[in-house]
Amino acid sequence: MRNYLLLLAAALAFAGCRPEPEAVELVDQMVVSTNYDNTADFSAYSTYAIPTDTIGFISETSNDTIIVASKSSFPRPVLQRINSELQTRGFGRVSKNQNPDLGVNVLVVNDFNVFQDVVYPNYYGGYYGGYYGYNSWYSYPYVQTYAYNTGVLIIEIVDLKNLTPDNKVKVLWTAYMGDVYSTIELERQALEAIQQAFTQSPYLTR
Amino acid sequence: MKAILSILVFFACATAYAQPKYVYVGLDYNAPMSNKEWIGKGSARGIRAGYRTFITDRISAGIDIGSTAIYEYKPTRTIEYSSGAITTDYFNYIYSYSAVISGQYNFLVGDGDIVFPYAGLGLGANYNEYTQYYNIYTNADNAFGFLVRPEAGILVRFGTRRSVGAMAAIHYDYSTNKNAEFGYKNFTTAGFSIGLMFMDL
């Protein structure tokens, strides 16, 4: 009977092992998703405006609304890469008071999640190490709080040339790149993701 | 339900007599035979365990449970759709759990107390968790299916006076487990198990 129980315990222990991808393999490159207005004719636009050193920041846990180059090394290379990609595709950069055809918004959206779990110490494979009052090495369960941050880098290209009658702008192209909070090398991966966003959008050219 | 109860009662009655019985536990290798585009690689990340009892000299029956994970890495690619595209690499996983009631016909070899080759059939259920990991994101779904498992194997005791032995088996699992999102009309694998068995004569 003891052999039977040992076998059963071994089987249950092994069954509890659930293989998953290594975290390093998962986050070594960002997911890049792009969407566009397929009625838009991008060759009809020639100029754009983009900030130099500031990107937007939307978070439920922070009052900051922007990320600036004076406080972070992230905005400047990101904006320079977007600028470079647009110029390669034949668009010319102008300042925002020179009536650009297109506006480029760059922002990070941060989602902060918290969840809780009940932890049972000495709990192995479905069996407690002891019972209340019977065993000195039994520990009472406790609540553990986990938190994780997720974030997406977003690029939006909006149509400033054809404002709607009520002065609204139409979004012509968006790129979502994530996750920016779980990276091995944020700047390199972000720049690669931006390049990929433009590569997979061949229609985005003059 | 009545059929299942009848089978359980039958097993309970059968084991009430002093018939030989054994438990086994083994590592299980499975190679996918359906929807190989999603996962085509075999995996040794499986385990099987079971309890069987001899009803007659030749016929045994019992319960087998198993767990396996098959998976495959899909390198980075760009998938285009009407209004855009997405680029990422994927890790496709299926976590599969099974439980069957099985019957075996045991072939007589020698005195019939060392080597027990058998052919059998298991009928039961299979539960799959289909999971696709990419970056920190996950697509997942799960489904149950009816499982049929023809099997052939062999048990070898390490001596006439020893209850411990080895087991090996090949099996083919066909399950009606389907999942439209990941392209499964059924879930079929072929595999083999090797492990230890403890026989109680």
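Residue numbers (my numbering), protein chains in the order written: chain X, 1 to 206; chain U, 1001 to 1201.
C-beta atoms are modelled at their ideal positions from N, C-alpha and C, and glycine is treated no differently.
Collapsed DSSP secondary structure at residue i in the structure displayed
i                  : result
GLN189 of chain X  : helix
PHE42 of chain X   : helix
VAL27 of chain X   : coil
VAL158 of chain X  : strand
ASN99 of chain X   : coil
THR1078 of chain U : strand
ASN83 of chain X   : helix
ARG76 of chain X   : helix
GLN1104 of chain U : strand
GLN1019 of chain U : coil
PHE198 of chain X  : helix
THR88 of chain X   : helix
MET1033 of chain U : coil
LYS170 of chain X  : strand
PRO1150 of chain U : strand
PHE1158 of chain U : coil
ASP1141 of chain U : strand
GLY1066 of chain U : strand
GLU1072 of chain U : strand
ASN1126 of chain U : strand
ASN35 of chain X   : strand
TYR203 of chain X  : coil
TYR128 of chain X  : Note on TYR128 of chain X: pLDDT 43, under 50, position unreliable in the model; the coordinate value appears next. In the structure shown, TYR128 of chain X sits in a strand (DSSP, three-state: E or B).
ASN135 of chain X  : Confidence at ASN135 of chain X is low in this model, with a pLDDT of 48, below 50, so its placement is unreliable and the value that follows should be read with caution. ASN135 of chain X falls in the coil class under three-state DSSP.
THR1056 of chain U : coil
TYR123 of chain X  : With a pLDDT of 48 at TYR123 of chain X, under the threshold of 50, the modelled position of that residue is not reliable, and no figure is offered here.
ARG1045 of chain U : coil
THR1188 of chain U : strand
ILE1194 of chain U : strand
Given residue i as reference, the closest of the options once Cα atoms are compared
i                  : options                                       : result
PRO1150 of chain U : U:ASP1064, U:GLY1183 and U:PRO1020            : U:ASP1064
PRO202 of chain X  : X:THR65, X:ASN38 and X:ASN149                 : X:ASN38
SER1163 of chain U : U:TYR1095, U:LEU1196 and U:GLY1183            : U:LEU1196
TYR947 of chain U  : U:THR1131, U:SER1060, U:LEU1027 and U:THR1076 : An answer regarding residue 947 of chain U cannot be provided, because it is not within the stretch 1001 to 1201 covered by chain U.
VAL27 of chain X   : X:THR34, X:GLY178 and X:ASP41                 : X:GLY178
ILE1194 of chain U : U:LYS1021, U:VAL1023 and U:ASP1028            : U:ASP1028
ASN1092 of chain U : U:TRP1038, U:GLY1122 and U:ALA1125            : U:TRP1038
ARG188 of chain X  : X:LEU163, X:ASP159 and X:ARG76                : X:ARG76
TYR1024 of chain U : U:GLY1066, U:ILE1070 and U:ALA1143            : U:GLY1066
VAL94 of chain X   : X:ASN63, X:PRO165, X:SER182 and X:TYR45       : X:TYR45
THR54 of chain X   : X:VAL106, X:ASN167 and X:GLN29                : X:VAL106
LYS96 of chain X   : X:GLN80, X:GLU25, X:ILE50 and X:TRP173        : X:ILE50
LEU172 of chain X  : X:TYR48, X:VAL109, X:VAL143 and X:GLU22       : X:TYR48
GLU60 of chain X   : X:ASN162, X:THR183, X:VAL109 and X:LEU79      : X:VAL109
LEU160 of chain X  : X:VAL32, X:MET30 and X:VAL169                 : X:VAL169
PHE57 of chain X   : X:ARG206, X:THR205, X:VAL180 and X:ARG18      : X:VAL180
Beta-carbon proximity of residue i to residue j, cut-off 7 Å
i                  : j                  : result
TYR1118 of chain U : GLY1153 of chain U : yes
THR150 of chain X  : ASP111 of chain X  : yes
GLY1062 of chain U : ARG1048 of chain U : no
ILE1094 of chain U : TYR1130 of chain U : yes
VAL1109 of chain U : GLY1124 of chain U : no
THR1053 of chain U : LYS1021 of chain U : yes
LEU1147 of chain U : ASN1126 of chain U : yes
THR1068 of chain U : ASN1128 of chain U : no
SER1096 of chain U : GLY1120 of chain U : no
ARG81 of chain X   : LEU191 of chain X  : yes
ASP1141 of chain U : GLU1181 of chain U : yes
TYR1184 of chain U : ASN1035 of chain U : yes
THR1160 of chain U : ASP1113 of chain U : yes
Integer Cβ distance of residue i from residue j, believed to fall under 8 Å
i                  : j                  : result
PHE74 of chain X   : LEU186 of chain X  : 7 Å
THR34 of chain X   : ALA197 of chain X  : 5 Å
THR1078 of chain U : GLN200 of chain X  : 5 Å
VAL104 of chain X  : ILE66 of chain X   : No, VAL104 of chain X and ILE66 of chain X are not in contact; Cβ-Cβ is about 15 Å, not under 8 Å.
ALA1190 of chain U : MET1033 of chain U : 6 Å
Cβ of residue i within 7 Å of any chain C Cβ
i                : result
THR34 of chain X : Judged by its chain identifiers, the structure shown contains no chain C, and its protein chains are X and U.
Exercise for the section: Please list the residues of the segment 182-198 of chain X that have a C-beta atom closer than 7 Å to any C-beta atom in chain U, keeping them in chain order. Expected result: Only those residues of the segment 182-198 of chain X whose C-beta falls short of 7 Å from the nearest C-beta of chain U are listed: SER182 and GLN196.
Practice task
Pull out every residue of the segment 1027-1050 of chain U whose Cβ sits closer than 7 Å to any Cβ of chain X, in chain order.
Solution key: For the segment 1027-1050 of chain U, the set of residues with a beta-carbon nearer than 7 Å to any beta-carbon of chain X comprises ARG1045, ILE1047 and ALA1049, in chain order.
Handout entry: Proximal residues, the segment 1074-1092 of chain U versus chain X, C-beta separation under 8 Å
Key = THR1076, THR1078, GLU1080, SER1082, SER1083, GLY1084, ALA1085, ILE1086, THR1087, THR1088, ASP1089 and PHE1091
Exercise for the section: Compile a chain-ordered list of the residues in the segment 1123-1148 of chain U whose CB is closer than 7 Å to at least one CB of chain X. Expected result: TYR1133, TYR1134, ASN1135, ILE1136 and TYR1137
Exercise for the section: Check distances from the C-beta atoms of the segment 18-31 of chain X to those of chain U and list, in chain order, the residues that come in under 8 Å. Expected result: The segment 18-31 of chain X vs chain U, Cβ under 8 Å: ARG18, PRO19, GLU20, PRO21, GLU25, LEU26, VAL27, GLN29, MET30 and VAL31.
Practice task
Could you name the residues of the segment 1057-1073 of chain U whose beta carbon sits closer than 7 Å to any beta carbon of chain X, in the order they occur along the chain?
Solution key: SER1067, ALA1069 and TYR1071
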